[in-house]
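This report concerns only the one structure given below.
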Amino acid sequence: MKKSIILCSMFTMFTAVTAFAAPVTTLSSDRGIAVSVGTKETYIEGKINPKTTIGYEYLDRDTNGHQNDFYAKYNLAGSNIQAIGGYRNHMHNQSDSLYGGLAVSAPSILGFQPYASYVKGSNFGEAQIGVNFSIAMGVGVNVNYHNYVPDNGSTEHGLGAGVTFKF
Numbered sequence: 502m503k504k505s506i507i508l509c510s511m512f513t514m515f516t517a518v519t520a521f522a523a524p525v526t527t528l529s530s531d532r533g534i535a536v537s538v539g540t541k542e543t544y545i546e547g548k549i550n551p552k553t554t555i556g557y558e559y560l561d562r563d564t565n566g567h568q569n570d571f572y573a574k575y576n577l578a579g580s581n582i583q584a585i586g587g588y589r590n591h592m593h594n595q596s597d598s599l600y601g602g603l604a605v606s607a608p609s610i611l612g613f614q615p616y617a618s619y620v621k622g623s624n625f626g627e628a629q630i631g632v633n634f635s636i637a638m639g640v641g642v643n644v645n646y647h648n649y650v651p652d653n654g655s656t657e658h659g660l661g662a663g664v665t666f667k668f
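Our numbering puts the first residue of the sequence shown at 502, with every later residue one more than the last.
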């Protein structure tokens, strides 16, 4: 077990400088704010009632523009299954897009919480799998693989990492 944790920690430190994609976060049931920063994306989200979270994300795509993403997540089954809906604009070579999708996360075990998400808009599709790891006192790290596929433009995929702060 210790070897697994050490290997995972080393992998996290190695990938932390490569890229970042917004993780599927779990906030307190009645309130909470999460802020996450990374090399490709930054987001802030807040719980507005026990089942609904709203947020803003800035995405710095390599060949697909600097995108703004306004979204809402609704808890369908606890916080482990969430419906996602939003609006993304400033997408290079394509029009702004409404989108919808689903996020699924497993219960947290020893601070690790794996997840997967998929959203589809009129001009793009985006999938992500990853794991959040809670370090201590609202600070966590995220390691993931993301795949962004626009209708017009270059597909972007790869490993990502980031740091999340929950208040």
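All C-beta atoms, glycine included, are put in the ideal place defined by N, C-alpha and C.
What separation, rounded to the nearest whole angstrom, lies between the Cα atoms of Ala584 and Gly601?
8 Å
For Arg562, name the three-state secondary structure that DSSP assigns.
coil
In the DSSP assignment, what are the bridge partners of Asn581?
Per DSSP, none; premise fails for Asn581.
Give the single residue among Asn550, Tyr588, Pro651 whose Cα lies nearest to the Cα of Asn576.
Asn550
Report yes if the C-beta distance between Gly631 and Tyr616 is below 8 Å; otherwise report no.
yes
Give me the residue from Thr543, Ile636, Leu660, Glu558 with the minimum Cα distance to Ile610.
Ile636
Going by alpha carbons, who is nearest to Asp652 out of Ser606, Thr554, Ser623?
Ser623
Pull up the distance between the alpha-carbon of Ser598 and that of Tyr588, whole angstroms please.
6 Å
Quick one: give me the first and last residue of the beta strand (DSSP E) that Asn653 is part of.
That residue, Asn653, is in no beta strand (DSSP E); it is neither H nor E in DSSP.
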